[in-house]
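Chemist:
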Amino acid sequence: MAAILDAAGLNKNFGAVTAANDINAAIERDSVVGLIGTNGAGKTTFINMITGYLKPDRGRIHYEGRDITRLAPRDITRLGICRSFQIPQLYASLTAYENMMIGIGVVLRNAGRGGFFSRGEPLVPGYEQPAAAVADGLLQRFGLAEYRDKNAQVLPGGVRKLLDIALTMVARPKILLLDEPTSGVSAEEKFAIMEMIMKAVRAEGITVLFVEHDMEVVSRFAERVLAFYDGRIIADGSPEQALNDPEVKRYVVGGELHRLDEEKARPRA
Amino acid sequence: MRPDRTPLTLLLIGAAILAVGPFAPQWTLFLLTVALAKGLVVLGLMMLLRCGLVSFGQALYYCLGAYAAGMLGRLYEVSGVFTLMLAGMATSAFVAFVLGFLLARYRSIFFGLLSLAISMILYGLLVKTEALGSSDGFNVLPSTLFGWRPADEWVRYSVLAVAAGVAVIAALAVHRYLGTPLGRLAPAIKDNEIRVEYMGASARQAVHVKYVIAAALAGLGGALAATTVGHIDPEMAYWTTSGEFIFITILAGTGSVIAPFLGALIFGIIQTVAFDISPNTWQMVLGASLLAVIVFLPRGLWSLFRRRKAA
Ligand SMILES: Nc1ncnc2c1ncn2[C@@H]1O[C@H](COP(=O)(O)OP(=O)(O)OP(=O)(O)O)[C@@H](O)[C@H]1O
Ligand SMILES: [Mg+2]
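Listed in order, the protein sequences are those of chains F and E. Taking the numbering used here, I'd label the letters of the first sequence as residues 7 to 275. Taking the numbering used here, I'd label the letters of the second sequence as residues 173 to 483.
1) Just mark residue 199 (chain E) as buried or exposed, buried being the case when its beta carbon has 16 or more other beta carbons within 10 Å.
2) Which ranges does the beta strand (DSSP E) cover as unbroken runs of at least 3 residues, wholly within the region 422 to 447 of chain E, from first to last along the chain?
3) Indicate whether at least one CB of chain F lies closer than 8 Å to the CB of residue 373 (chain E).
4) Closest Cβ-Cβ distance between residue 176 (chain E) and chain F: below 8 Å?
5) What is the DSSP secondary structure of residue 356 (chain E), counted as helix, strand or coil?
6) If we define contact as Cβ-Cβ less than 8 Å, is residue 223 (chain F) a contact residue for chain E?
7) Please identify, using Cβ separations under 9 Å, the residues of the region 97 to 121 of chain F that lie next to chain E, in order along the chain.
8) When the distance is taken between beta carbons, is residue 239 (chain E) closer than 8 Å to residue 264 (chain E)?
9) For residue 482 (chain E) and chain F, any beta-carbon pair shorter than 8 Å?
10) Using a Cβ-Cβ cut-off of 8 Å, state whether residue 83 (chain F) counts as contacting chain E.
11) How is residue 86 (chain F) classed by DSSP in three states: helix, strand or coil?
12) Would you mind working out which of F:214, F:20, F:241 and F:231 sits nearest residue 86 (chain F), comparing C-alpha positions?
13) Could you check whether the Cβ of residue 23 (chain F) sits closer than 7 Å to any heavy atom belonging to ligand 1?
14) Taking C-alpha atoms, which residue in E:471, E:475, E:228 and E:254 lies nearest to residue 336 (chain E)?
15) Does residue 471 (chain E) get closer than 8 Å to chain F when you measure Cβ to Cβ?
16) So, does the CB of residue 354 (chain E) fall closer than 8 Å to a CB anywhere in chain F?
17) Fully enclosed by the region 34 to 65 of chain F, which alpha helix (DSSP H) runs are 4 residues long or longer?
18) From residue 127 (chain F) to residue 244 (chain E), what distance separates their C-alpha atoms?
19) Roughly how many angstroms separate the alpha carbons of residue 246 (chain F) and residue 471 (chain E), rounded to a whole number?
20) Do residue 102 (chain F) and residue 138 (chain F) come within 8 Å of each other at the CB atom, strictly closer than that value?
21) Can you pull the chain C neighbours of residue 177 (chain F), defined as C-beta to C-beta under 8 Å?
22) Which partner residues does residue 230 (chain F) have in the DSSP bridge list?
23) What's the C-alpha gap between residue 176 (chain E) and residue 27 (chain F)?
24) Given the structure, does residue 50 (chain F) come close to ligand 2, in the sense that its CB is under 7 Å from one of the ligand's heavy atoms?
25) Could you please give me the residues that DSSP links to residue 320 (chain E) through a beta bridge?
26) Residue 182 (chain E): which of E:360, E:429, E:225 and E:477 sits nearest, CA to CA?
27) Who are the neighbours of residue 366 (chain E) on chain F, taking C-beta pairs under 9 Å?
28) Contact between the region 142 to 161 of chain F and the region 38 to 56 of chain F: three or more CB pairs below 8 Å?
29) Using C-beta distances below 8 Å, list every residue in its chain close to residue 304 (chain E), excluding the 5 sequence neighbours before and after it, in chain order.
30) Do you know how far the Cα of residue 36 (chain F) is from the Cα of residue 253 (chain F)?
31) Does the beta-carbon of residue 466 (chain E) have 16 or more other beta-carbons within 10 angstroms, so that it is buried, or is it exposed?
32) Quick one: measure Cβ to Cβ for residue 114 (chain F) and residue 359 (chain E), integer angstroms, because I've assumed they're closer than 8 Å.
33) My understanding is that residue 345 (chain E) touches residue 193 (chain E), with C-beta atoms under 8 Å, so please give their C-beta distance in whole angstroms.
34) How would you write the range of the beta strand (DSSP E) that residue 116 (chain F) sits in, first residue to last?
35) Under 7 Å Cβ to Cβ from residue 116 (chain F), same chain only, skipping five residues before and after it: list those, please.
36) Any heavy atom of ligand 2 closer than 7 Å to the Cβ of residue 224 (chain F)?
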């Protein structure tokens with residue numbers, strides 16, 4: 007099957023730090039890929055390069071056969087590659103509903119609908135519904151209905167993450183990159199949250215890449231795993247293969263267990 | 173959703189001005205016309221403020237509009253009021269379009285100070301230009317309405333009627349624009365530009381568009397002020413003039429397109445009354461009233477009309 011996204015030979019340095027070192031990955035259409043690796047391994051850098059926030063020092067990124075390496079984030083978004091953020095990027099002074107409406111407004115505008123001279127209520131492309139219905143529908147789908155009229159800045163961490171993801175959906179992405187969708191959520195809730203996100207997203211046939219530190223979540227939801235270490239991909243395969251790879255066991259899974267131990271050892275406030 | 177009452181309110185206010193005008197004393201007509209002219213400038217500032225941008229140099233476009241109108245009369249003896257206003261608007265919009273490529277890159281204090289600096293360049297140029305009367309400026313020809321010149325006692329009313337019509341149309345247009353997807357982007361730009369980009373919009377382009385619209389409104393206001401007052405000078409570009417516009421913007425609040433005009437009118441009234449009572453300390457009265465508004469009505473005078481919603 008043809009790759010929808012193809013990253014070839016990506017390199018990125020920040021001064022002496024090599025955040026990406028010859029990254030090669032071809033992502034198949036309609037697949038779910040888990041990105042794992044310890045802190046600072048280069049997972050977010052990889053997402054930042056795909057979505058145009060960072061330009062790689064070397065290497066090329068192709069999307070549906072088209073070179074997108076030098077495009078700006080907004081152009082990449084318009085092509086159908088959307089992302090959520092490790093730290094949610096919301097409109098803090100606006101309500102959850104208004105956040106959605108802003109995003110839908112941009113989609114309308116990019117489709118040439120709802121301009122100064124247009125009459126009547128425009129329909130959101132892809133949904134063919136009015137903006138308000140799309141906003142409420144998405145809030146519902148992500149379990150955010152009860153937070154509809156709350157300002158984004160007062161929402162709890164997990165809810166902010168979900169709103170951040172719901173916002174990416176207004177543009178009907180073809181590829182979704184989720185940076186730690188379940189961070190800030192208790193271990194028990196992780197599965198339920200991932201279940202909901204996957205249901206909302208996979209119904210649309212969206213290709214998903216997600217960063218996750220919990221290996222149980224990874225093996226449950228990912229069809230394929232890319233393991234990052236020190237800016238390199240040290241393993242690439244099914245969750246079983248990747249998580250049992252000796253290097254991954256030593257550098258990533260071991261590291262994660264270590265991290266969990268540290269978290270447990272830390273006194274709870 | 174609440175019905176949108178702004179368009180009807182605007183039309184009623186416009187009609188009320190036309191109806192009451194003939195019976196009002198001349199000095200109130202003048203006060204009202206100047207308030208409408210300044211309100212147009214403030215309308216543009218309000219759009220920028222919604223994006224979190226404060227232009228400390230909006231007098232640049234006010235002055236450009238006035239000089240464009242004045243020079244049309246001086247050099248080509250054009251006196252049609254609509255031609256003058258169009259010229260003022262177009263000149264300011266064009267200059268803002270060019271400068272916008274630079275300014276739309278900047279935010280917060282950098283945007284403010286850069287706009288201030290550019291306005292002071294214009295001031296400096298005008299003061300040095302003898303052909304335009306240097307710091308004295310020059311008198312503007314009385315304007316005409318499609319070639320017709322009203323009788324003396326009707327001049328003030330005619331100018332007011334034109335100003336009211338233009339202000340209502342401009343406010344309606346801005347109101348509609350603020351409801352479009354691009355217009356609604358303003359608070360989003362203020363909050364989080366990264367997210368704006370990742371939604372597929374260009375924050376810089378949106379700021380550029382708003383900057384040009386704001387300049388066009390300021391140019392329109394400047395041309396209107398020139399015909400109303402009958403005299404223009406470089407002071408119109410001076411930083412104190414810009415400061416006055418910001419003063420009115422804060423006084424009015426960003427809640428509605430009607431607020432800028434209300435703010436400008438109240439500013440004019442306070443200024444007139446304070447000047448009558450104490451010619452030497454009228455600025456103090458103005459300062460105190462702004463202080464009171466900031467402390468008691470942080471969202472500006474317009475919040476007085478929004479109480480029901482908050483309650
Ligand atoms: N903008 C930047 N400037 C300087 N260094 C950076 C920048 N972004 C990332 N880095 C560095 O690059 C390396 C990879 O960072 P990255 O954020 O990609 O890691 P990560 O795998 O996402 O880690 P985490 O699990 O903590 O989110 C780190 O050493 C980081 O300090
Ligand atoms: Mg990261």
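Think of the CB as a built atom: it goes at the ideal place given N, C-alpha and C, for glycine as much as any other residue.
Modeler: For this structure:
1) Locating residue 199 (chain E) in the second sequence gives position 27, where the first residue counts as 1. The residue is exposed, with fewer than 16 neighbouring Cβ atoms inside 10 Å.
2) Within the region 422 to 447 of chain E, no complete beta strand (DSSP E) run reaches 3 residues.
3) For the purposes of this step, residue 373 (chain E) is taken as residue 201 along the second sequence, with counting starting at 1. The C-beta of residue 373 (chain E) comes closer than 8 Å to at least one C-beta of chain F.
4) By one-based count along the second sequence, residue 176 (chain E) stands at place 4. No, its Cβ sits nowhere closer than 8 Å to a Cβ of chain F.
5) Translated into positions along the second sequence, residue 356 (chain E) becomes position 184. Note: residue 356 (chain E) maps to helix in three-state DSSP.
6) Within the first sequence, residue 223 (chain F) is the residue found at index 217, counting from 1. No, no contact with chain E.
7) Going along the region 97 to 121 of chain F in chain order, one finds 97, 98, 99, 100, 104, 105, 107, 108, 109, 110, 111, 112, 113, 114, 115, 116, 119, 120 and 121 with a Cβ nearer than 9 Å to chain E.
8) Numbered from its first residue, the second sequence carries residue 264 (chain E) at position 92. Numbered from its first residue, the second sequence carries residue 239 (chain E) at position 67. No, they are not a contact pair.
9) For this step, residue 482 (chain E) is matched to residue 310 along the second sequence. For residue 482 (chain E), the pLDDT reaches just 42, beneath the cut-off of 50, and the residue's location in the model is therefore unreliable, although a value from the coordinates is still provided. Interface annotation, residue 482 (chain E): not in contact with chain F, CB-CB separation never under 8 Å.
10) Indexing the first sequence from 1 puts residue 83 (chain F) at position 77. Interface residue (Cβ-Cβ distance to chain E less than 8 Å): residue 83 (chain F) is classified as such.
11) As a first step, residue 86 (chain F) must be located in the first sequence, where it is residue number 80. In the structure shown, residue 86 (chain F) sits in coil (DSSP, three-state: anything other than H, G, I, E or B).
12) On the first sequence, position 80 is the one that residue 86 (chain F) refers to. The residue with the shortest Cα to Cα distance from residue 86 (chain F) is F:214.
13) In the first sequence, counting from the first residue as 1, residue 23 (chain F) sits at position 17. Checking every heavy atom of ligand 1 against the Cβ of residue 23 (chain F), one is found closer than 7 Å.
14) Against the second sequence, residue 336 (chain E) aligns to sequence position 164. When only C-alpha atoms are compared, the closest one is E:254.
15) Taking the second sequence and counting its residues from 1, the one referred to as residue 471 (chain E) is at position 299. Closer than 8 Å to the CB of residue 471 (chain E) there is not a single CB belonging to chain F.
16) The residue given as residue 354 (chain E) occupies position 182 in the second sequence. Judged by the 8 Å Cβ criterion, residue 354 (chain E) is in contact with chain F.
17) Counting only runs of 4 or more, we get 49 to 56.
18) Along the first sequence, read from residue 1 onward, the residue named residue 127 (chain F) stands at position 121. Along the second sequence, read from residue 1 onward, the residue named residue 244 (chain E) stands at position 72. Distance between the alpha carbons of residue 127 (chain F) and residue 244 (chain E) is about 43 Å.
19) Taking the first residue of the first sequence as position 1, residue 246 (chain F) is located at position 240. Taking the first residue of the second sequence as position 1, residue 471 (chain E) is located at position 299. Put simply, the backbone Cα of residue 246 (chain F) is about 59 Å away from that of residue 471 (chain E).
20) For the purposes of this step, residue 138 (chain F) is identified with residue 132 of the first sequence, where counting begins at 1. For the purposes of this step, residue 102 (chain F) is identified with residue 96 of the first sequence, where counting begins at 1. Between residue 138 (chain F) and residue 102 (chain F), the CB-CB gap reaches or exceeds 8 Å.
21) The structure shown contains no chain C; the protein chains it does contain are F and E.
22) Your numbering for residue 230 (chain F) matches position 224 in the first sequence. Answer is F:39, bridged to residue 230 (chain F).
23) Within the second sequence, the letter at position 4 stands for residue 176 (chain E). Within the first sequence, the letter at position 21 stands for residue 27 (chain F). Computed Cα separation, rounded: 56 Å.
24) For this step, residue 50 (chain F) is matched to residue 44 along the first sequence. Yes, Cβ of residue 50 (chain F) sits closer than 7 Å to a heavy atom of ligand 2.
25) Taking the second sequence and counting its residues from 1, one reaches residue 320 (chain E) at position 148. Paired residue(s): E:317.
26) Counting from 1 along the second sequence, the entry for residue 182 (chain E) is found at position 10. With distances taken between Cα atoms, residue 182 (chain E) lies closest to E:429.
27) By 1-based counting over the second sequence, the position of residue 366 (chain E) is 194. Result: 59, 79, 91 and 95.
28) When C-beta atoms of the region 142 to 161 of chain F are compared with those of the region 38 to 56 of chain F, fewer than three pairs fall below 8 Å, so the two segments do not count as touching.
29) Here the question's residue 304 (chain E) lines up with position 132 in the second sequence. If you ignore the 5 residues before and after residue 304 (chain E), its C-beta comes within less than 8 Å of the C-beta of 239, 243, 298 and 310, all in its own chain and listed in chain order.
30) Position 247 of the first sequence holds residue 253 (chain F). Position 30 of the first sequence holds residue 36 (chain F). Residue 253 (chain F) and residue 36 (chain F) have their C-alpha atoms spaced approximately 28 Å apart.
31) Here residue 466 (chain E) refers to the residue found at position 294 of the second sequence. Exposed is the call here.
32) Mapped onto the first sequence, residue 114 (chain F) falls at position 108. Mapped onto the second sequence, residue 359 (chain E) falls at position 187. The Cβ separation is near 17 Å, so there is no contact.
33) For this step, residue 345 (chain E) is matched to residue 173 along the second sequence. For this step, residue 193 (chain E) is matched to residue 21 along the second sequence. Not confirmed; about 23 Å, so no contact.
34) Here residue 116 (chain F) refers to the residue found at position 110 when the first sequence is read from its first residue. Where residue 116 (chain F) is concerned, there is no enclosing beta strand (DSSP E), although the alpha helix (DSSP H) it sits in stretches over 102 to 116.
35) What you label residue 116 (chain F) is simply residue 110 of the first sequence in a count that begins at 1. Sequence-distant partners of residue 116 (chain F) (beyond 5 residues in either direction) whose C-beta falls short of 7 Å from its own C-beta, in its chain, are 84.
36) To locate residue 224 (chain F), count along the first sequence from 1; it is residue 218. No, ligand 2 has no heavy atom inside 7 Å of this Cβ.
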